[in-house]
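*Asks:* 430 is the number that our numbering gives the last residue of the sequence shown; the numbers go up by one with no jumps. Structure incoming, see below.
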Amino acid sequence: MATEFQIRFIPKGNMNEILPLVQMLNNYKIPVETLENRLQDMLTDGYQCLGAYNKEGLIGICGIWVLNKFYVGKHLEPDNVFVLPEYRSSGVGKLMMDQVLIYALEIGCNTSEINCYINNGKGIQFWNNQGYQAIGYHMQKVL
């Protein structure tokens with residue numbers, strides 16, 4: 288089944304096509320207008336996104352940030368990774384992550400790091416299956 292999918296970078300001019308999936312990922316809690324505005328800001332900060340496609344269209348997304356930090360150097364962070372429910376466990380997520388890691392190596396990254404909500408058991412299992420290990424906590428203070 289995985290051979291039926293295409294994984295490719297979404298051109299900046301087409302980036303709004305990810306918004307319906309981002310809405311689903313966030314349980315429709317964030318208005319689309321807010322997401323549109325945030326996306327425009329993100330694009331000026333270097334945000335990229337891989338799309339997973341089947342014959343009908345976009346079925347999965349994986350945002351990408353390339354960052355540099357003292358403790359790890361240049362690394363790639365997959366972000367807002369989402370696959371439509373009917374395509375989960377079909378290999379789409381792994382195909383996207385394989386492409387992410389190829390890209391990370393091509394651009395000279397040392398590592399790939401992700402954030403995953405602690406109550407997202409299936410997500411944690413997915414990331415563990417991809418070889419990621421928990422090394423700390425992602426913490427937030429709302430201002």
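Just so you know, even glycine gets a beta-carbon here, dropped at the ideal spot from N, CA and C.
Can you name the start and end residues of the beta strand (DSSP E) that aspartate 366 belongs to?
*Replies:* Taken as a continuous stretch (DSSP letters only), the beta strand (DSSP E) holding aspartate 366 covers 360-370.
*Asks:* Which same chain residues end up closer than 6 angstroms to asparagine 355 when comparing Cβ atoms and leaving out the 5 residues on each side of it in sequence?
*Replies:* Correct list, in chain order: Lys361.
*Asks:* Give the range of the beta strand (DSSP E) segment to which glutamine 427 is assigned.
*Replies:* Where glutamine 427 is concerned, there is no enclosing beta strand (DSSP E), given that its DSSP letter is neither H nor E.
*Asks:* Of the choices Phe292, Met384, Asn303 and Leu312, whose alpha-carbon is the least far from that of asparagine 407?
*Replies:* The shortest Cα separation from asparagine 407 among Phe292, Met384, Asn303 and Leu312 belongs to Leu312.
*Asks:* Using beta-carbon positions only, say whether leucine 337 and valine 353 come within less than 8 angstroms of one another.
*Replies:* It is not a contact, given that the beta carbons lie outside the stated cut-off.
*Asks:* Could you please give me the residues that DSSP links to serine 399 through a beta bridge?
*Replies:* Paired residues: Leu363.
*Asks:* Following a CB-centred definition, is valine 319 positioned closer than 7 angstroms to any heavy atom of the ligand GDP?
*Replies:* Of the ligands one can find in the structure shown there are none, so the ligand GDP has no counterpart to examine.
*Asks:* How should cysteine 347 be labelled, buried or exposed, when 16 other C-beta atoms within 10 angstroms of its C-beta is the threshold for buried?
*Replies:* Reading off the sequence, residue 347 comes out as glycine, not cysteine. Burial call: buried.
*Asks:* Between Lys316, Met302 and Cys349, which has its C-alpha nearest aspartate 328's C-alpha?
*Replies:* It is Met302.
*Asks:* Applying the criterion that 16 or more other CB atoms from any shown protein chain within 10 Å of the CB defines a buried residue, is isoleucine 351 buried or exposed?
*Replies:* So isoleucine 351 ends up on the buried side.
*Asks:* Taking the beta carbon of proline 318 as the centre, do at least 16 other beta carbons fall within 10 Å, making it buried, or is it exposed?
*Replies:* Burial call: exposed.
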